[in-house]
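A.B. asks: Have a look at the structure that comes next, please.
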Amino acid sequence: MTQNQPSERITELRHLLATYSYHYHVLDSPTVDNSVYDSLYGELKKLEAKYPELVTSDSPTQRVGSELLGGFKKVTHSTRMLSLNDVFDQAEVEAWVKRIDKLLPGRTHEFFADIKMDGLACALIYEDGVLKQAITRGDSFIGEDVTANVRTIKNVPLRLVAAHKPIQRLQGDTLQNDMSKFLVGRTEIRGEIVMLKKDFAALNDQRKKAGLPLFANPRNLAAGTIRQLDPRLVAERPLSFRAYDLLRDNPRDIPTNSFAYEAIRALGIVANPQASTFTSLSSVMQFVHEWDTKRNVLPFNTDGLVIKVNNRAQYVELGIVGKQPRAAVAYKYAAEKATTVVKDIVISIGRTGAATPVAVFDPVVVAGTTVRHASLHNADEIARLDVRLGDTVVIFKAGDIIPQVESVVFELRPTNTKTVDYRQLLAEQYPELEFYRPEGDVVYRVKGADSDLMLKRGVQYYASKGALDIDTLGEKNVVMLVDAGLVKDLADIYTLTVDDLLKLDRFAGVSANKLIGAIADKKTPPLEKFILGLGIRHVGTQTAIDLANMFMTVDRLQQASIDQLEAVDGIGKVIAESIIAWFADPDNEGLIEKFARLGVKPFYQKKTGKLVGQNFVITGSLETLSRDEAADRIRSLGGTFQTAVAKDTTYLVAGGKVGASKLQKAESYGTKIINEQQFIKLIEGL
Ligand code: IVH
157 MTQNQPSERI TELRHLLATY SYHYHVLDSP TVDNSVYDSL YGELKKLEAK YPELVTSDSP
217 TQRVGSELLG GFKKVTHSTR MLSLNDVFDQ AEVEAWVKRI DKLLPGRTHE FFADIKMDGL
277 ACALIYEDGV LKQAITRGDS FIGEDVTANV RTIKNVPLRL VAAHKPIQRL QGDTLQNDMS
337 KFLVGRTEIR GEIVMLKKDF AALNDQRKKA GLPLFANPRN LAAGTIRQLD PRLVAERPLS
397 FRAYDLLRDN PRDIPTNSFA YEAIRALGIV ANPQASTFTS LSSVMQFVHE WDTKRNVLPF
457 NTDGLVIKVN NRAQYVELGI VGKQPRAAVA YKYAAEKATT VVKDIVISIG RTGAATPVAV
517 FDPVVVAGTT VRHASLHNAD EIARLDVRLG DTVVIFKAGD IIPQVESVVF ELRPTNTKTV
577 DYRQLLAEQY PELEFYRPEG DVVYRVKGAD SDLMLKRGVQ YYASKGALDI DTLGEKNVVM
637 LVDAGLVKDL ADIYTLTVDD LLKLDRFAGV SANKLIGAIA DKKTPPLEKF ILGLGIRHVG
697 TQTAIDLANM FMTVDRLQQA SIDQLEAVDG IGKVIAESII AWFADPDNEG LIEKFARLGV
757 KPFYQKKTGK LVGQNFVITG SLETLSRDEA ADRIRSLGGT FQTAVAKDTT YLVAGGKVGA
817 SKLQKAESYG TKIINEQQFI KLIEGL
């Protein structure tokens, strides 16, 4: 595979985005999901920010606002029709509030939030209560006069009516019930033109019956309809208007955004009933979460909420940066799909010996969580998707939980990629194992795998001296516990009770109590021992220590990307892949959760001791202690035990004569060569 150059990638992204955009805006027949477009657009923006010299004027990122098409009269807006900055999570909302607090020190402010409608913005201009003009947003300064079309929208009044409903909330305010002033002079009402979901469905139903092609989505149809040159055609399409803003020449007519909504309703125009005032950030966030889960019940499509400072004087005071006001943000709900690049395909071997391929990719946020890998299920699925290393893929969350690869964006495939040879992958990643594919099965399995045997070995390893060191949980006891069905995975040992054991022949009161006590004693193991105990392929004592030092919690290790793993000294591609594969296995994910549920809390202790930062290699055999003992001593003093001399090796301990090549290597790295006596001196501190 040849990784594309940034310039090449940028060109390809632009080309593809332009194609998607043409299908969406011109043909009214989108070929991909909006979130796929957004994700690729985001990648292009990031690349252009990194390589500003590559920005060209025809890049989709350089398009300002929506395009002004011909056919309609251009009208300059009384005040600009701005857009909003997007925020995606609570932290970003908090940062926004902090910025406001800084600009309005010591002043309290309320928030006003409404559902963000997915339609097209439009300004209705009333003179002395009569509809004079309807203008699209256009490029924010100048819009298009679509009055004739908007006049066909049934819920847009041609004449405003004062006080359909009195404004009661503003008690003590002189404006109470006094709507008449809005019928004098210029009143501008801004809002969104939408097609309600039920109207869209009914329209498509009719078209289906008539054998006509179906419309793609309500937003597109609304936008396309409003730009029709023939208002009779517009009248046949059921559009609706929902207001979100009210403007008067005298801004004091409208003290707050909540007042604006009340006034809009009193004038006979729809504003969302869900919109509300909030006094704290936490209540705003509650509203955000409430509508994230309930948004399906809304009559129109939404992709988030709009949150504003309620007081209009403060709103104005906060000012504008670029094209966005500081006093409002759009909270966008998480995209259900996103694109990313496949960096690797690793294979995980489950408890039963089944091999599962897992795609590893650049971390990407899908439906609100960061996703680093996704199961590809089996060889057939890899072939069906034709996914290759370096491919850009669309990720989605099945049932909103499990990330899946939906498809490959073939247009962005790098040159010289090869079809994945699954058998070859298996052979490369598991050279010591043999695989077979049972008749009629899509899954490859390890030959001779016996899940009970694998489990027994696993538990024994977890309890062994080097790992958790659980007293009396040796081979015989493990075999008995597994055979009795009391232990079905590693975590099950923490569920055992004395009564469970007493039912087995091998145990009496004393021995049962002893084992249960020994297991309970190891509920808060050192993190590195716990990592080692999991039995992840290629993760030995030193790697487990290095991982613990780097990530400090199981959770962070589990979340680590392949790049972060490879950044750990001594961890290369093979080990990193093996760790990713282990955590990608749903059984293991469940196991980690189960450990936590059962109160197993590995802890990390910062390295201390006089050998911190010093790396040791031992060659030959020592006379006074074994290699393992020497390694233990080094580690207990905070040092690192390495298996081969590397650039960062501090000491090479020579047990006997050192070979010429090793000597040369050590010398070239500046590694000190010491004998056993000097080593003992060093560790004993003499
Ligand atoms: S308030 C400065 N409220 O979303 C603009 N806008 O990205 C303040 N929109 O341009 C707009 N529903 O076209 C507001 N309830 C709502 C909205 C809403 C949809 C659109 C509007 C605006 C864009 C902001």
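Numbering-wise (our numbering), the sequence shown opens with residue 157 and increments by one. Built from N, CA and C at the ideal position, the CB exists for glycine as well.
Within 8 Å, do at least three Cβ pairs link the stretch 471 to 484 to the stretch 253 to 262?
C.D. replies: The stretch 253 to 262 is in contact with the stretch 471 to 484.
A.B. asks: Please state the DSSP three-state secondary structure of GLU348.
C.D. replies: Working through the sequence shown from its first residue, we reach residue 348 at position 192. Strand at GLU348.
A.B. asks: Is any non-hydrogen atom of ligand 1 found closer than 7 Å to the C-beta of LYS272, if you look at the structure I gave you?
C.D. replies: In the sequence shown, counting from the first residue as 1, residue 272 sits at position 116. The answer is yes for LYS272.
A.B. asks: How many angstroms separate the CA atom of THR212 from the CA atom of VAL602?
C.D. replies: Numbered from 1 along the sequence shown, position 56 holds the residue referred to as residue 212. Numbered from 1 along the sequence shown, position 446 holds the residue referred to as residue 602. Rounded to the nearest angstrom, the two C-alpha atoms are 53 Å apart.
A.B. asks: Using 8 Å for Cβ pairs, my map puts THR343 next to ARG404. What's the rounded Cβ distance?
C.D. replies: Counting from one through the sequence shown, the residue named residue 343 turns up at place 187. Counting from one through the sequence shown, the residue named residue 404 turns up at place 248. Between ARG404 and THR343 the Cβ distance is about 6 Å, and since that is below 8 Å, they are a contact.
A.B. asks: So, do the stretch 587 to 602 and the stretch 525 to 543 have three or more beta carbon pairs nearer to each other than 8 Å?
C.D. replies: Contact between the stretch 587 to 602 and the stretch 525 to 543 is present, because at least three Cβ pairs lie under 8 Å.
A.B. asks: Can you grab the Cα-Cα spacing for the pair VAL654 / ASN669, in whole Å?
C.D. replies: Translated into the one-based positions of the sequence shown, residue 654 becomes position 498. Translated into the one-based positions of the sequence shown, residue 669 becomes position 513. Distance between the alpha carbons of VAL654 and ASN669 is about 6 Å.
A.B. asks: Please tell me whether LEU624 and PRO681 are closer than 8 Å, where the distance is taken between their beta carbons.
C.D. replies: Working through the sequence shown from its first residue, we reach residue 624 at position 468. Working through the sequence shown from its first residue, we reach residue 681 at position 525. For LEU624 and PRO681, yes; Cβs fall inside 8 Å.
A.B. asks: Report buried or exposed for LEU370, applying the criterion of at least 16 other Cβ atoms within 10 angstroms of its Cβ.
C.D. replies: As a working note, residue 370 is residue 214 in the sequence shown. Exposed, by the Cβ-count rule.
A.B. asks: When you compare the CB positions of ALA378 and GLY275, do they come within less than 8 Å of one another, or not?
C.D. replies: The residue you call residue 378 lines up with position 222 of the sequence shown. The residue you call residue 275 lines up with position 119 of the sequence shown. Yes, these two residues count as a Cβ contact at 8 Å.
A.B. asks: Closest to GLN761 by CA distance: which of SER792, SER777, ILE731, PHE751 is it?
C.D. replies: Translated into the one-based positions of the sequence shown, residue 761 becomes position 605. With distances taken between Cα atoms, GLN761 lies closest to SER792.
A.B. asks: What residues in its chain sit with their C-beta under 7 Å from that of LEU660, if we drop five residues either side in the sequence?
C.D. replies: Taking the sequence shown and counting its residues from 1, one reaches residue 660 at position 504. Counting only Cβ-Cβ distances below 7 Å, and skipping sequence neighbours, we find MET636, ALA640.
A.B. asks: On the premise that THR495 lies in contact with VAL543, defined as a C-beta separation below 8 Å, what is that separation, rounded to the nearest angstrom?
C.D. replies: Numbered from its first residue, the sequence shown carries residue 543 at position 387. Numbered from its first residue, the sequence shown carries residue 495 at position 339. Going by Cβ atoms, the distance from VAL543 to THR495 rounds to 13 Å, so no, they are not a contact pair.
A.B. asks: With H, G and I counted as helix, E and B as strand and the rest as coil, what does DSSP make of TYR650?
C.D. replies: As a working mapping, residue 650 is identified with position 494 in the sequence shown. In the structure shown, TYR650 sits in a helix (DSSP, three-state: H, G or I).
A.B. asks: State the beta-bridge partners of VAL498 as determined by DSSP.
C.D. replies: Translated into positions along the sequence shown, residue 498 becomes position 342. Per DSSP, PHE517.
A.B. asks: Measure the alpha-carbon distance for LEU240 versus PRO481 and round it to whole angstroms.
C.D. replies: The sequence position of residue 240 within the sequence shown is 84, counting from 1. The sequence position of residue 481 within the sequence shown is 325, counting from 1. Approximately 7 Å between the Cα atoms of the pair.
A.B. asks: By a C-beta neighbour count over all protein chains shown, 10 Å radius and 16 as the cutoff for buried, is ILE649 buried or exposed?
C.D. replies: By one-based count along the sequence shown, residue 649 stands at place 493. Answer is buried; the Cβ neighbour count reaches 16.
A.B. asks: Pick helix, strand or coil for ARG165, following the three-state DSSP scheme.
C.D. replies: Taking the sequence shown and counting its residues from 1, the one referred to as residue 165 is at position 9. Three-state result, ARG165: helix.
A.B. asks: With DSSP collapsed to three states, give me the class of ILE382.
C.D. replies: As a first step, residue 382 is located in the sequence shown; it is residue number 226 there, counting from the start. DSSP places ILE382 in helix when its eight states are reduced to three.
A.B. asks: Classify TYR176 as helix, strand or coil using the three-state DSSP reduction.
C.D. replies: The residue labelled residue 176 in the question sits at position 20 within the sequence shown. Note: TYR176 maps to helix in three-state DSSP.
A.B. asks: Would TYR618 and GLY673 be called neighbours here (beta carbons separated by less than 8 Å)?
C.D. replies: Working through the sequence shown from its first residue, we reach residue 618 at position 462. Working through the sequence shown from its first residue, we reach residue 673 at position 517. Cβ distance not < 8 Å, so TYR618 and GLY673 don't count as in contact.
A.B. asks: Are ALA372 and SER177 touching if we call contact CB-CB under 8 Å?
C.D. replies: Position 216 of the sequence shown, counted from the first residue, corresponds to residue 372. Position 21 of the sequence shown, counted from the first residue, corresponds to residue 177. No, these two residues do not count as a Cβ contact at 8 Å.
A.B. asks: Of all the options PHE338, GLU392, VAL350, which has the alpha carbon lying nearest to the alpha carbon of ARG363?
C.D. replies: Counting from one through the sequence shown, the residue named residue 363 turns up at place 207. Measuring from the Cα of ARG363, the nearest candidate turns out to be GLU392.
A.B. asks: How close, in whole Å, do the beta carbons of GLY726 and THR697 come, if the pair is a contact with beta carbons under 8 Å?
C.D. replies: Here residue 726 refers to the residue found at position 570 when the sequence shown is read from its first residue. Here residue 697 refers to the residue found at position 541 when the sequence shown is read from its first residue. So it is not a contact: roughly 12 Å between Cβ atoms.
A.B. asks: Below 7 Å CB to CB, which residues in the same chain sit around ASP409 once its five sequence neighbours on both sides are set aside?
C.D. replies: By 1-based counting over the sequence shown, the position of residue 409 is 253. So the qualifying residues of the chain are LYS337.
A.B. asks: What number of angstroms, rounded off, separates the C-alpha of ILE104 from the C-alpha of ALA399?
C.D. replies: Because the chain spans 157 through 842 in this model, residue 104 falls outside it and cannot be assessed.
A.B. asks: Please state whether DSSP places ALA491 in a helix, a strand or coil.
C.D. replies: As a working mapping, residue 491 is identified with position 335 in the sequence shown. Coil.
A.B. asks: Express the C-alpha separation of ALA664 and THR628 in angstroms, rounding to a whole number.
C.D. replies: Within the sequence shown, residue 628 is the residue found at index 472, counting from 1. Within the sequence shown, residue 664 is the residue found at index 508, counting from 1. If I take the Cα positions, the gap works out to 13 Å.
A.B. asks: If PHE268 sits next to ASN413, beta carbons under 8 Å apart, how far is it from one beta carbon to the other, in whole angstroms?
C.D. replies: The residue given as residue 268 occupies position 112 in the sequence shown. The residue given as residue 413 occupies position 257 in the sequence shown. Rounded, the Cβ-Cβ distance is 4 Å, consistent with contact.
A.B. asks: So for LEU778, helix, strand or coil by DSSP?
C.D. replies: Here residue 778 corresponds to residue number 622 of the sequence shown, with the count starting at 1. Note: LEU778 maps to coil in three-state DSSP.
A.B. asks: Report all residues from its chain with a CB closer than 6 Å to the CB of VAL773; omit the five preceding and five following residues, and keep chain order.
C.D. replies: The residue you call residue 773 lines up with position 617 of the sequence shown. Excluding positions up to five away in sequence, the list reads GLN798, VAL801, THR805, LEU808.
A.B. asks: Leaving out five residues before and five after PRO519 in sequence, what residues of the same chain have Cβ atoms less than 6 Å from its Cβ?
C.D. replies: Locating residue 519 in the sequence shown gives position 363, where the first residue counts as 1. Result list for PRO519: THR526, ARG528, SER717, in chain order.
A.B. asks: Helix, strand or coil, according to DSSP, for GLY689 in the structure here?
C.D. replies: Residue numbering aside, residue 689 sits at position 533 when the sequence shown is read from its first letter. Here GLY689 sits in helix by DSSP.
A.B. asks: Who pairs with LEU287 in a beta bridge, going by DSSP?
C.D. replies: Walking along the sequence shown from the start, residue 287 turns up at place 131. DSSP output for LEU287 lists TYR282 as bridge partner(s).
A.B. asks: Taking the straight line between their C-alpha atoms, what separation do you get for GLY812 and THR796?
C.D. replies: Indexing the sequence shown from 1 puts residue 812 at position 656. Indexing the sequence shown from 1 puts residue 796 at position 640. The straight-line gap from Cα to Cα measures roughly 21 Å.
A.B. asks: On the criterion of 16 or more Cβ atoms from any shown chain inside 10 Å, does ALA810 qualify as buried, or is it exposed?
C.D. replies: By 1-based counting over the sequence shown, the position of residue 810 is 654. Burial call: buried.
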